[in-house]
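Structure follows, in structure tokens:
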């Protein structure tokens, strides 16, 4: 027991000295470098960058839609992170990645998703229904309801068939004829890397270097937030995104250090956190991940 106590004291002294050295060696510079690294790795599949590139950017939005829909389209309005409230009290509100409206009044919702939970079929159904409720004013006849498009650009192949695009349309099952209610749901295969227009578009979505992008409207949009006046003056939204990611990385490093400390001493988690003066969100994060 006596030797164990002495070992704890020695280990603790080494641990503290190492911690103090790292704190001096990598102060705020460490976080700054992590932020710059995260920013340099952002792609159009990241909300922070994607929403800034397309917000108000009619040229980039028209390019995107013309490739996906395979027809010319004139966009008159495009807003990123648009909130649509459910008319039902307590009903679920949705925030659209991109909401575009074309010259004929058609509403087009574009969602960019990296994980399966964000691209489930029922989400597409719900988005379609909520978008529809915002297209008619009180007492307007249903025949005036314009077409709506819900487009999911999913980082992977949702249906695992290797196709670049999947169109979902309602049909009359007994006859196979189109129901033609004006509701259109489209899934774009983000992993498709063909040499055609959609393949090049998806390559651009994966690209971290704007100089290597195929399409100039996307390249210019990304350049504005990655390189214009240097990374120091990057959009606050993108920087906050990167900063949160960087903080998580630093917290993970501290988590690993504390795990090593607990394995080699008799200290409790609370004692270790108190000794290292870890408080606030970092403390909560470490406690949650230690349970």
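Residue numbers (our numbering): 3 to 293. Every residue gets a Cβ at the ideal spot worked out from N, C-alpha and C, and that includes glycine.
{"Check": "Residue of 143, 197 and 174 minimising C-alpha distance to residue 166", "Outcome": "197"}
{"Check": "Distance between residue 138 and residue 146 (C-alpha atoms, nearest Å)", "Outcome": "8 Å"}
{"Check": "Residue 140 Cβ short of 7 Å to the ligand NAD heavy atom set", "Outcome": "With respect to the ligand NAD, the structure offers nothing, as it holds no ligand at all."}
{"Check": "Endpoints, the beta strand (DSSP E) within which residue 98 is located", "Outcome": "96-104"}
{"Check": "Alpha carbon of residue 290 to alpha carbon of residue 261, nearest angstrom", "Outcome": "13 Å"}
{"Check": "Spatially closest choice to residue 308 from 55, 43, 194 and 79, by CA coordinates", "Outcome": "Past the edges of the chain, shown from 3 to 293, lies residue 308, and the structure says nothing about it."}
{"Check": "Environment of residue 192 [buried if 16+ CB atoms lie within 10 Å]", "Outcome": "buried"}
{"Check": "Assigned exposure category for residue 30 - 16 Cβ within 10 Å defines buried", "Outcome": "Legend: pLDDT at residue 30 = 49, less than 50; position of this residue unreliable, value from coordinates given subsequently. The residue in question, residue 30, is exposed, as its Cβ has fewer than 16 Cβ neighbours within 10 Å."}
{"Check": "Where residue 77 falls: helix, strand or coil (DSSP)", "Outcome": "strand"}
{"Check": "Strand pairing of residue 180, partner residues [DSSP]", "Outcome": "173"}
{"Check": "CA-to-CA distance, residue 264 to residue 84, given in whole angstroms", "Outcome": "47 Å"}
{"Check": "Counted within 10 angstroms of its Cβ, other Cβ atoms place residue 219 as buried (16 or more) or exposed", "Outcome": "buried"}
{"Check": "Check whether residue 170 and residue 113 have beta carbons under 8 Å apart", "Outcome": "no"}
{"Check": "Nearest residue (CA-CA) to residue 65, options 97, 102, 86 and 44", "Outcome": "102"}
{"Check": "The segment 50-69 touching the segment 204-219, judged by at least three CB pairs closer than 8 Å", "Outcome": "yes"}
{"Check": "Chain-order list of residues whose beta-carbon lies under 7 Å from that of residue 117 (same chain, five-residue window excluded)", "Outcome": "none"}
{"Check": "Whole-angstrom distance between residue 288 and residue 258, CA atom to CA atom", "Outcome": "9 Å"}
{"Check": "Spatial neighbours of residue 221 in its chain, beta-carbon cut-off 8 Å, leaving aside the 5 residues before and after", "Outcome": "206, 212, 213 and 215"}
{"Check": "Residues near residue 123 by beta carbon distance below 7 Å, same chain, minus five either side", "Outcome": "none"}
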